[in-house]
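Structure below.
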């Protein structure tokens, strides 16, 4: 899907607005590390905690989603956004989006992705090294899909006709199935009545 400069400007604006609010509120742009857990003697990495940068697009998106859902300021959702990004990373935005919709799966063809705003590409425009592409992809031109919607094309108008025909087919199948069950039920009922009369 083609993108324009104005689309990527909105990502920059999202970061700028959020970090400006944090600065105004006196909230640091790097999350303090949580208290260290008791390290396991056999695995020293259990006490490692990944730092959270509050000036990334993923963090800004998470805090805005949480604040909008809970009708609060972003200052009330800072720790929740920290925990989400620390535990799940950018892909956690998809889980958050689903959780905010009652656990229902999100179809990004009909719902605009909160991270990439429906363009389907990773808005941070990572290099192949940053995205972790296999070495054989270095010489082929390829897209880096959004880690939240996985490159789904947000185009509800385009998919609407297909969805309506699918729903009409499901409705027709349900009506046929109900009629078939009804006639089977009537035959069983008739046979049972005949058996009951024969027993008497």
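Residue numbers (our numbering): 66 to 265. We treat Cβ as the ideally placed atom computed from N, Cα and C, and that holds for glycine.
Cβ-based neighbour list, residue i, same chain, cut-off 7 Å, excluding 5 preceding and 5 following
{"i": "residue 134", "result": "165"}
{"i": "residue 170", "result": "163"}
{"i": "residue 83", "result": "125, 128, 129 and 139"}
{"i": "residue 90", "result": "140"}
{"i": "residue 146", "result": "124, 127, 128 and 131"}
{"i": "residue 256", "result": "none"}
As assigned by DSSP and simplified to three states, the class of residue i
{"i": "residue 184", "result": "coil"}
{"i": "residue 118", "result": "strand"}
{"i": "residue 71", "result": "helix"}
{"i": "residue 189", "result": "coil"}
{"i": "residue 95", "result": "strand"}
{"i": "residue 245", "result": "helix"}
For residue j and residue i, the rounded distance between their alpha carbons
{"i": "residue 157", "j": "residue 123", "result": "9 Å"}
{"i": "residue 231", "j": "residue 243", "result": "18 Å"}
{"i": "residue 178", "j": "residue 213", "result": "7 Å"}
{"i": "residue 181", "j": "residue 71", "result": "13 Å"}
{"i": "residue 226", "j": "residue 235", "result": "14 Å"}
{"i": "residue 148", "j": "residue 208", "result": "29 Å"}
{"i": "residue 77", "j": "residue 126", "result": "11 Å"}
{"i": "residue 121", "j": "residue 233", "result": "44 Å"}
{"i": "residue 144", "j": "residue 195", "result": "26 Å"}
{"i": "residue 198", "j": "residue 187", "result": "13 Å"}
{"i": "residue 98", "j": "residue 185", "result": "33 Å"}
{"i": "residue 88", "j": "residue 161", "result": "25 Å"}
{"i": "residue 246", "j": "residue 74", "result": "57 Å"}
{"i": "residue 131", "j": "residue 193", "result": "31 Å"}
{"i": "residue 92", "j": "residue 222", "result": "42 Å"}
{"i": "residue 168", "j": "residue 137", "result": "21 Å"}
{"i": "residue 254", "j": "residue 241", "result": "20 Å"}
{"i": "residue 86", "j": "residue 189", "result": "21 Å"}
Minimum Cβ-Cβ distance from residue i to chain B less than 8 Å
{"i": "residue 217", "result": "Any reference to chain B falls outside this structure, which holds one protein chain only."}
Same chain, Cβ closer than 8 Å to residue i, neighbours up to 5 away in sequence not counted
{"i": "residue 191", "result": "209"}
{"i": "residue 95", "result": "116, 117, 118 and 119"}
6 Å CB neighbourhood of residue i in its chain, flanking five on each side removed
{"i": "residue 159", "result": "213"}
{"i": "residue 79", "result": "125"}
{"i": "residue 155", "result": "123 and 212"}
{"i": "residue 224", "result": "174"}
{"i": "residue 238", "result": "none"}
{"i": "residue 142", "result": "128, 131 and 132"}
Heavy atom of the ligand MG within 7 Å of residue i beta-carbon
{"i": "residue 125", "result": "The model depicted lacks the ligand MG and carries no ligand whatsoever."}
Touch test, the segment 159-178 against the segment 212-221, Cβ-Cβ under 8 Å, three pairs minimum: The answer is yes - the segment 212-221 touches the segment 159-178, with three or more Cβ pairs under 8 Å.
Alpha helix (DSSP H) segments (min. 4 residues) lying fully within the segment 132-178: If we require 4 residues or more, the alpha helix (DSSP H) runs fully inside the segment 132-178 come out as 143-153 and 157-165.
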